[in-house]
Amino acid sequence: MADLEKVDVVAVAPHPDDLEILCGGTLAKLVRQGYRVAIIDLTSGEPTPRGSLETRKQEAEEAREILGVQMRINLDLPNRVLMDHPDNRFALGTAFRRLQPKIVIAAFGRTPAGSPDHYQGGLIAEAARFYSQLTKWDDRFDGTHPYRVPHLVYVPFPSDAETRSWPGTFVIDITETMDQKLDAVQAYRSQFDDNRFDKVKHYLSSANGFIGSRCGFLYGELFTLPTPVGGEDLFKLVHGGKGSIAPVQLPGKDHLPLQ
Ligand SMILES: [Zn+2]
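Basically my numbering = 1-based index in the sequence shown + 1.
Encoded structure:
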């Protein structure tokens, strides 16, 4: 990992397949828009009941190719017992220092019926983002230089997205990349056999359909910020346009307005 090229966006999650499910459509779209994107998997995702280290690695690489994401790194932190520990913060902070992203997208939130790694991974990402800028600590970051990540964006796990009141949320239109997202999820055949994939596909079509419909899109992915969404120009922020962080689209001619 010593000679990594810089990227525009780094997306972080505990397990291979988390990011495909949560924001695969947006990652594919970022690449189409010309940005350099790296995925960081904190763990291999193994052991699981259905996979092996080798198959998970191949599936993750296949999913990366489908999304078109330029880089995928696995930090090999421990699965199932992932904890927000200083050493894990240093490992991720070192990756941030090398990749120097403008934006970190971190999978975040509690999954009470799922892996506790999800919540711990979000805490590690927050702390690593803070740590990576600190001076006089380069020995803990493999001799790399301090780097400040300008923006942290959360992509919330669904159970938290539904229960928490976030200060700022926005939705990215993934209509054009929804198929890529589903194909990337399907690449994880060890986790989703045909029967399970049909259920996941149904879930994602419904969930991303609902999220998108609130902003006038066929399919959307939800993101949140630790702060309210800030803007300089109310017209651009609300009406949309290149560079606005939260284009809000009211249902137009192509969509059924709620009456
Ligand atoms: Zn997971």
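Positions of the beta carbon are idealized from the N, C-alpha and C atoms, including for glycine. Note that this is a predicted model, so its numbers are computed, not measured.
- For Thr228 against Pro168, the beta-carbon gap comes to about 6 Å, under 8 Å, which counts as contact.
- Ranking Ile173, Asp174, Asp199, Ile74 by CA distance to the CA of Asp184 puts Asp199 first.
- Between Thr170 and Gln121, the alpha-carbon positions lie close to 21 Å from each other.
- With a cutoff of 7 Å on beta-carbon distance, Ser45 and Arg37 are scored as not near each other.
- With 16 or more other Cβ atoms from the protein chains shown falling within 10 Å of its own Cβ, Pro102 counts as buried.
- Shown in chain order are the residues whose CB sits closer than 6 Å to a heavy atom of ligand 1: Pro15, His16, Asp19, Ser116, His119.
- Where Val154 is concerned, the enclosing beta strand (DSSP E) starts and stops at 152-157.
- Between the stretch 187-199 and the stretch 124-134 there are fewer than three C-beta pairs closer than 8 Å, too few to call the two in contact.
- When the beta-carbon positions are compared, Phe109 and Gly123 come within less than 7 Å of each other.
- Residue burial is scored here from C-beta neighbours: Ser116 has at least 16 other C-beta atoms within 10 angstroms and is therefore classed as buried.
- Between the alpha carbons of Ala12 and Leu23 lies a distance of about 11 Å.
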